[in-house]
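All remarks here apply to the structure that follows.
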């Protein structure tokens, strides 16, 4: 019987030692880092007046958190009005703040008013234009929405990119590849 007790004591000691080793190992491991978001969306939440002939920054921007390939999608709401004769339009684009360049082929006509008729009744309206592009970045990158107003004939009285309860201007990103 003493041999059995000694064997059981040795087995119990080995099991306890193994459990202690496992317990010590799990208590020393570092917590995993929270991954950067692979997607996100932002809204304009204001009105941006557009002067003629210059690209104007809006406060609407997103930051692509990692190197990789991203889908960018924007909905740009514009408002435009003028008194005839008038031919005026709003164009929007995505601007890569990090590199200081426009996102290739992201320019979109948001809205245009053409009224060359005689008279002085104001013409205008609003519309929402989509922008969808694919971009590859090598580091965290900030993308901003810009707009410009072009007065081909006459002058716009109102030229805005805006956001309210009747329609929103948004910018979304989704990481789709390394």
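In mature numbering (1 follows the signal peptide of the UniProt record, and there is no 0), the protein residues as written are -30 to -1, 1 to 148.
No residue lacks a Cβ here, since even glycine has one placed at the ideal position from N, Cα and C.
Which listed residue (the options) has its alpha carbon closest to that of residue i
| i | options | result |
| --- | --- | --- |
| residue 6 | 66, 22 and 35 | 35 |
| residue 82 | 114, 101 and 58 | 58 |
| residue 117 | 107, 78, 84 and 133 | 78 |
| residue 60 | 46, 136, 8 and 68 | 46 |
| residue 145 | 70, 121 and 106 | 106 |
Reduced DSSP category for residue i - H, G, I as helix; E, B as strand; rest coil
| i | result |
| --- | --- |
| residue 31 | strand |
| residue 24 | coil |
| residue 124 | coil |
| residue 138 | coil |
| residue 85 | strand |
| residue 14 | coil |
Cβ pair residue i, residue j closer than 8 Å
| i | j | result |
| --- | --- | --- |
| residue 54 | residue 90 | yes |
| residue 97 | residue 52 | no |
| residue 10 | residue 143 | yes |
| residue 130 | residue 32 | no |
| residue 42 | residue 73 | yes |
| residue 62 | residue 99 | yes |
For residue j and residue i, the rounded distance between their alpha carbons
| i | j | result |
| --- | --- | --- |
| residue 40 | residue 139 | 19 Å |
| residue 21 | residue 127 | 10 Å |
| residue 112 | residue 124 | 36 Å |
| residue 27 | residue 101 | 16 Å |
| residue 108 | residue 29 | 24 Å |
| residue 67 | residue 114 | 7 Å |
| residue 141 | residue 147 | 19 Å |
| residue 84 | residue 119 | 14 Å |
| residue 71 | residue 134 | 29 Å |
Beta strand (DSSP E) segment containing residue i, residue limits
| i | result |
| --- | --- |
| residue 42 | 38 to 52 |
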